[in-house]
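Listed in order, the protein sequences are those of chains A and B. Everything in the first sequence is counted per our numbering, starting at 5 for the first residue and increasing by one. Everything in the second sequence is counted per our numbering, starting at 7 for the first residue and increasing by one. To start, the structure itself, in structure tokens.
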Amino acid sequence: MTRHRVLAIVAYKPSARDPEGETLADELRRLGYTWVQGIRAGKAFIVEVEAESREEAERLVEEMARETRLFNPAVHTLLVITLA
Amino acid sequence: MPRVAVLRFPGTNCDQETAYMLREVAGVEARVVWHTEYRWRDWDATVVPGGFSYGDYGRAGLLASWSPAARQLREAAENGAPILGICNGFQVLVEAGVLPGALLPNEGGRFVARWLRVRVHSPRGPWLLHVEPGAVLDMPVAHAEGRFYHPAPGELLRSRPWLEYLENPNGSVADVAGLASEDGAVLGLMPHPERAASPLQVPRGRRPGGHPFFTSIGEALRRGW
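If you want it as structure tokens, here you go:
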């Protein structure tokens, strides 16, 4: 068993408006970063996981997020990445 | 005398005034109940009041939905027990899966605290006994995450009681301020009826739109809902 750091990002689906992301994108474009096509704001969690492998660690975090509704599949997307 | 539980989580802060209005306006016995001690069968009805349960960490209502009380609330709803969720209580009911949809951060990106009007559609059930169809009620809102979202609102609202903002403060889909289960036993809303239940709470030019929620539940329970 090794310790893994798993990053879980919960953001809004395109179907739900995201005022934080939209405002950031508008203001950045105003500052001259005209290549910014859009921003989705979200919440990030770094989960310390004891697991056999990276894949196992990611699977555990994803399962936990689904079971507890850490993200709501109706409005959120979930991205799970193991950090080095 | 009917007995009503006012559920308290860490961070709940509208429990006392809600219990007060249940006593004074509804004329029922009301007790504030800590979430780990709540058993739905001990009570004739339950109110989940406003506040910031668990500091709104994660999302408003998320951590409360992990409490053993959430299972009790689901069971109570399945058995037709009257449940009212106000503001954070509405968020808790949605996160716990007792009511459908989601409550997202306000579209304006800010906390809104103001009086407004809601129109009541298809009133029925113990919380809306004294409300006529199409009635317009004055109540205050105070929330940061009150934007109701559902992918198919038309279908969702067709066959249930619901409340419509006349001036939408948060970008809710279909101007939804609150909605109930099909039979009206479970009702959740973002406005605060307990802050509009007595004329003394109401600013000039407004009426106490929260009053009928309390008289309704009082009469419904006395009649043996």
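Beta carbons: idealized from backbone N, C-alpha and C, even for Gly.
Item, Value
"Does the beta-carbon of residue 91 of chain B have 16 or more other beta-carbons within 10 angstroms, so that it is buried, or is it exposed?", "buried"
"Answer with buried or exposed for residue 85 of chain B, where buried requires no fewer than 16 other C-beta atoms within 10 angstroms of its C-beta.", "exposed"
"Out of B:69, B:134 and B:170, state which residue places its alpha-carbon closest to the alpha-carbon of residue 61 of chain B.", "B:69"
"Sort out for me which residues DSSP pairs residue 123 of chain B with in a bridge.", "B:144"
"Do three or more CB pairs link the segment 159-168 of chain B to the segment 123-131 of chain B at distances below 8 Å?", "yes"
"Taking only beta-carbon positions, decide if residue 209 of chain B is within less than 8 Å of chain A.", "no"
"Taking any Cβ of chain B, which residues in the segment 63-88 of chain A have a Cβ under 8 Å from it, in chain order?", "72, 73, 74, 76, 78 and 79"
"For residue 153 of chain B, tell me which candidate among B:53, B:32, B:111 and B:72 has the shortest Cα-Cα distance.", "B:111"
"How many angstroms separate the CA atom of residue 5 of chain A from the CA atom of residue 54 of chain A?", "6 Å"
"Jot down the residue ranges of each uninterrupted alpha helix (DSSP H) in the segment 19-71 of chain B, minimum 4 residues, whole runs only, in chain order.", "21-27"
"Could you run through the segment 155-175 of chain B and flag, in chain order, every residue whose CB is less than 7 Å away from some CB of chain A?", "155 and 157"
"With the cut-off set at 8 Å, would you say residue 62 of chain A and residue 84 of chain A are in Cβ contact?", "yes"
"Does any residue of chain A have a CB that is nearer than 8 Å to the CB of residue 108 of chain B?", "yes"
"For a test of the three-state rule: what should DSSP assign to residue 15 of chain A, helix, strand or coil?", "strand"
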